Each structure stands twice: as C-alpha cells, then as structure tokens.
Amino acid sequence: MFEAKLTEGLILKKIVESIKDIVTDVNIDISPSGISLQAMDSSHVALVSLNLSMDGFEHYRADTNMVLGVSIANLAKVMKLADNNDQITLQADQEATHLKIIFENPKTERTTEFNLNLITIDSEHLAIPETEYSSVVTINSGEFSKICKELFSLSETVQITTNTDYVQFSVEGEVGSGQVRLGHNDSEKKEDQTILEVSESVQQQFAIRYLNMFNKASTLSSFTRLCLHQEQPLVVEFKIDNLGVLKYFLAPKISD
Amino acid sequence: GRTQVRLDSFFRVY
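Here the protein sequences come in this chain order: L and D. With the first sequence counted from 1, adding 119 to any position gets you the working numbering. With the second sequence counted from 1, adding 1440 to any position gets you the working numbering.
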C-alpha cells in the first residue's frame, strides 16, 4: 500500500510540467523513504532524475518498494484537473493496475479523483557515477532561463566556459559571435546572486534546446545549479524546498 | 560541425 499527501499540490503540477516534454513513459520508484524517478529522453541525450523525500509530504506511507509505470503525457493531462491550491494525494495498492490521484480544495469543498491506468515499462536504468564537479555555478533561475532563450535565437549550441572569475556562455553562428559573461556577484539580494565554485576550469558545448526544456523547472526554485566536469555530462539542478531535487543531465556536443 | 554525444557514453546501462 502506498499513500502520499502533498499539501502544496502546485509543486507536483510544476514537476510534471517540467519533465513532460523530455520523458514519455517512466517507472516511478516508490520506497518507504520517498519517491524517485530516472528516465532518459528518446535520443538518450538528456536524463531526468527526480528525488522526493517522504519528509516533504504531509502524510507518507509506503509499506514496501513499488514501481509504478506511468505515461507522463497522461499524468500531465490528469494534473490539469488540479487547481493551483489543491492538496494532492497519491494512492496505489500492492500490484496496483492504477494510481489513484485525489485533488482536494478544503476551502471550496471541491474534490477530484482520478484513477490513472498504469503501464508496464521495461526501461533500462543508468548507473550515474558519483562525480566531483570541478565547477559549480549557482545562478538565478529566471536569469539563466532568459540567457538560454536569447542565445538560442543566435545559435543552437552554447559553449559554457568556467574559471575562477566568471562563467561565460558563448555562441557563434551565421549571425555572428558573442558571449554573456557573469562574474561572481554576491549582491545583498540573495536571489540575484551568481556564485562560482571553480576548482578546475571547464569548457564544453551543449544544445541549447535541451537547456530551454530543463528551464521549465525554473518555477520550482529561484536558483539553478550548473555542475560541470570536463569529462562528464552537464547537470542542471533545481532544489525543491523541503521536498527534494530535480536534476537534468545533458551530454555535451564535441567539435568534429 | 559538432557532434551530439549520447549519455550512454558516460553512464553504464544496467
């Protein structure tokens, strides 16, 4: 038996909206300690990794480990039934054929229930090695989203360069070439800060269209954390306060 | 030109 209740259901709506353009069918791993999900996009270029801790739920019960095969596209349709200030409860029995989703609005006395049919997915799992990232950039999530959108109109690829003094996003294409350079900025307004933790410089290239899809999650957190290592995929991380973390992994592009 | 690498080059599938 699994049951989890989230008072702020909007968070779950935002999480589903943040991943529905990247992954289609996913196995949701339910355990007594929380909910996790790991899935790649069809081209195996991007991977979504979600970890939600039981502590973040108003009520959480999972007697055993379970795997719930879910079509994210269908889950996104069901989540549309939720109002932004609904409380959301997820329920599934052992060997369940469906996931029950309940939206409650205690103020308006409105309750919505939906039984989402579960699917069987034999998805491969990826072993993601623990990596010591030699560059970690913490940047305002709205600002990073804006930079990616603007650069995408100039080139489909961005080169990210880090060093101790700045992080640089550079593009070149038939329009021309240029870069956005952000230095360490510890402005008193916390959410405007750019924090660089660079022990080794990194220079890699990425497809911006994936970054734009990842940035859908910027509504979940005021900060985006970019973790880079010269030999590893980029990690774009959004911490979900009091609940967990949503991470996106993106493989680099290499110059021929 | 630039070639897009896949995650399978970095992460072991099991």
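For glycine and all other residues, C-beta sits at the position ideal for the given N, C-alpha and C. In this text, all values refer to a predicted model and were calculated from it rather than measured experimentally.
| Minimum Cβ-Cβ distance from L/F368 to chain D less than 8 Å | Yes, its Cβ sits closer than 8 Å to a Cβ of chain D.
| What does a CB cutoff of less than 7 Å around L/H217 pick up in its chain, not counting 5 residues either side in sequence? | Counting only Cβ-Cβ distances below 7 Å, and skipping sequence neighbours, we find N234, L235, N236 and L237.
| Cβ shell of L/D212 (< 7 Å), same chain only, five flanking positions each side left out | Taking L/D212 as the centre and dropping the five residues before and after it, the same chain places the C-beta of M120 closer than 7 Å to its C-beta, in chain order.
| message | Three or more C-beta pairs under 8 Å: does that hold for the segment 362-375 of chain L against the segment 303-316 of chain L? | response | With a cut-off of 8 Å, the segment 303-316 of chain L and the segment 362-375 of chain L do not count as touching, because too few Cβ pairs lie within range.
| field | Listed by chain order, chain D residues near L/A326 by CB distance under 7 Å | value | Result: Q1444.
| First through last residue of the alpha helix (DSSP H) which encompasses L/S260 | For L/S260, the enclosing alpha helix (DSSP H) has its first and last residue at S260 to F271.
| request: Go to L/L194, then tell me how far its alpha helix (DSSP H) extends in each direction, as first and last residue. | output: According to the DSSP assignment, L/L194 belongs to the alpha helix (DSSP H) that extends over I191 to M198.
| query | What is the DSSP secondary structure of L/K132, counted as helix, strand or coil? | reply | DSSP places L/K132 in helix when its eight states are reduced to three.
| How is D/G1441 classed by DSSP in three states: helix, strand or coil? | Looking at D/G1441 - three-state DSSP - the assignment turns out to be coil, as it is neither helix nor strand.
| said: Tell me the rounded alpha-carbon separation between D/L1447 and L/V167. | reply: Here the C-alpha atom of D/L1447 lies approximately 12 Å from the C-alpha atom of L/V167.
| message | Please return the same chain residues whose Cβ sits closer than 6 Å to the Cβ of L/G128, not counting the five positions on each side in sequence. | response | Closer than 6 Å at Cβ, skipping near neighbours: A201, D205, Q206 and I207.
| request: For L/A326, count neighbouring Cβ atoms within 10 angstroms of its own Cβ and tell me buried if that reaches 16, exposed if not. | output: Within 10 angstroms of the beta-carbon of L/A326 lie 16 or more other beta-carbons, which makes it buried.
| said: Against chain D, with Cβ distances strictly below 8 Å, would L/V164 count as a contact? | reply: At a cut-off of 8 Å between beta-carbon atoms, L/V164 makes contact with chain D.
| task | Please confirm whether L/Y252 and L/C346 have their CB atoms less than 8 Å apart. | result | Contact annotation: L/Y252 and L/C346 have beta-carbon atoms nearer than 8 Å.
| query | Would a check of beta-carbon distances place L/K148 closer than 8 Å to chain D? | reply | The question names Lys, but residue 148 of chain L in the sequence shown is Asp. For L/D148, the answer is no, since every Cβ of chain D falls outside 8 Å of its Cβ.
| field | beta strand (DSSP E) segment containing L/M120, residue limits | value | For L/M120, no beta strand (DSSP E) encloses it, and the DSSP letter there is neither H nor E.
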